Every structure is written in structure tokens, then in C-alpha cells.
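Numbering (the UniProt record's numbering), first residue to last: 1 to 229.
This report refers to the structure that appears directly beneath it.
This is how it looks when you write it as C-alpha cells:
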């Protein structure tokens, strides 16, 4: 295995976080929860008689929350990708330079999850160790590729567009209370859809997971209202 092959293998692995539906749906749900929280908090702040155009304040606050979370999610994706890639390079170097084959296998096994540790044999790990031992040169440091940046942009767009309907009622409905109600209902609907998709993908039951997300959203909304939101 050459350094170029290792980089290509890492580039292939880096595609998974962008396409993994569990991560994307989970982050979308978290964005919806954040928007729900921010809208509730700002609704309390704009309920005073001196507030000017509170519905517009709520719109820009919810939209700003969505943009901020989308940006943070995209940046953290790049950070996670770079960190994981660097960790792989470090592990590959440690296994390659380890003179004791048994110790090299232990290093590889330590990186496996608890579930995989019982499924992968030492013989299989030894085959991986032997391949790494033949690597002549490893990348000096991890680097981001164009695909990584495109993935970050895609995550930003997904989160922003996915949570934008939560903010839309505040610009379409003049009165703040109905806009808040519509926004929260839309949030619950979207949470149900996200839970449905997540449940079907994980095999835990689409309707069950969807309703669970709605219940969680209702509990969060009740807590916000109890706190004055």
C-alpha cells in the first residue's frame, strides 16, 4: 500500500459523513430544536409593549439561528474530518513502526468499537497490520480536499433550508401569537418527518421514532413556555 493509496482510501472514508443519513437527520433535528428554543426565548424578550415589529424580530432571530447553526455544523464537519484523518495517519504510523506484531494488532483492535471488537478476529487484524507494515511513506499531515469543502457547503445548505420553514411564518403572518403557533406546528411536523426517516433507516420503527421526536419537541416547547417563552 502506497501513500497515494492510503490518501485515496481516506478520501473515500471522508465521503461517508457527508452522505450518512443518520448524522444529517440528527443534525437537522438539533437545528430544529435550536430554532424552537431561540424563537421561544426571543418571543419572551419581544413581548414587552415597547417592542417594535416583534414578528420581524422573531423572523430574523430564527433565521439567524438557522444560519449560525448551519455554519457551525459545516465548520465542525471540516474539523471532525481533519481530526479523524490525522488520527488515521497517526495510527497507521504507529502500527507500521511497531516491531511487535502482537502489539500492532492490539493498537488496531483498540480503535474498533465495542461491537466490532467481538466480530473481527486477530487474524483479520494481522492482515491489516501486515499491509500497513509495507507502507513506505505516509502523508506528513492531514489535509482537506475539495470534496470536503463541498460536503461542508452541502451540510450548511441542508441545515438552513431544512429549518427555514420554522422562521417563515414570522414574515408571512403579521400577528406574533399566530405566527408562533404556526412556527411551532411546522417544527413538530418536520421533527416527525425527520424521526420517520431516522427510524426507517435504523430499523427502530419510523412512526415510533417520529412520534418520539414530536413528544420531545412538545416537552421542549412546554419548558420554554413555562420559562416565559
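Ideal Cβ placement from N, Cα and C applies to all residues, glycine included.
Here the structure is a predicted model, which means the values were calculated and not measured.
By alpha-carbon positions, which one of the options ends up nearest to residue i?
i, options, result
"residue 185", "199, 195, 197, 169", "169"
"residue 129", "161, 138, 179, 104", "104"
"residue 135", "187, 95, 32", "95"
"residue 257", "86, 178, 102, 151", "Here the chain comprises residues numbered 1 to 229, so residue 257 is not present and cannot be evaluated."
"residue 193", "182, 177, 131, 212", "212"
"residue 189", "74, 201, 137, 163", "163"
"residue 57", "223, 218, 173, 203", "173"
"residue 111", "87, 133, 131, 132", "87"
"residue 161", "116, 67, 203, 91", "67"
"residue 93", "150, 203, 139, 59", "139"
"residue 154", "75, 61, 59", "75"
What number of angstroms, rounded off, separates the C-alpha of residue i from the C-alpha of residue j?
i, j, result
"residue 48", "residue 171", "Only weak support exists for where residue 48 lies, its pLDDT of 47 falling under 50; the coordinates are left without a value."
"residue 125", "residue 191", "41 Å"
"residue 141", "residue 148", "16 Å"
"residue 119", "residue 180", "50 Å"
"residue 99", "residue 201", "43 Å"
"residue 183", "residue 209", "21 Å"
"residue 33", "residue 195", "13 Å"
"residue 78", "residue 108", "25 Å"
"residue 221", "residue 64", "20 Å"
"residue 137", "residue 131", "13 Å"
"residue 303", "residue 97", "Absent from the model: residue 303. The displayed extent of the chain is 1 to 229, so no value can be given."
In the DSSP assignment, find the unbroken alpha helix (DSSP H) run with residue i in it and report its ends.
i, result
"residue 123", "122 to 133"
"residue 172", "169 to 172"
Count the other C-beta atoms from every protein chain shown that fall within 10 angstroms of the C-beta of residue i, then say buried if there are 16 or more, exposed otherwise.
i, result
"residue 236", "Any question about residue 236 goes unanswered here, given that the chain covers just 1 to 229."
"residue 121", "exposed"
"residue 187", "buried"
"residue 69", "buried"
"residue 218", "exposed"
"residue 157", "exposed"
"residue 175", "exposed"
"residue 215", "exposed"
"residue 25", "buried"
"residue 177", "exposed"
"residue 81", "buried"
"residue 116", "exposed"
"residue 73", "buried"
"residue 223", "exposed"
Three-state secondary structure (DSSP) at residue i?
i, result
"residue 108", "helix"
"residue 264", "With the chain running from 1 to 229 in the structure shown, residue 264 is simply not present."
"residue 143", "coil"
"residue 203", "coil"
"residue 91", "helix"
"residue 138", "coil"
"residue 73", "helix"
"residue 99", "coil"
"residue 183", "helix"
"residue 223", "helix"
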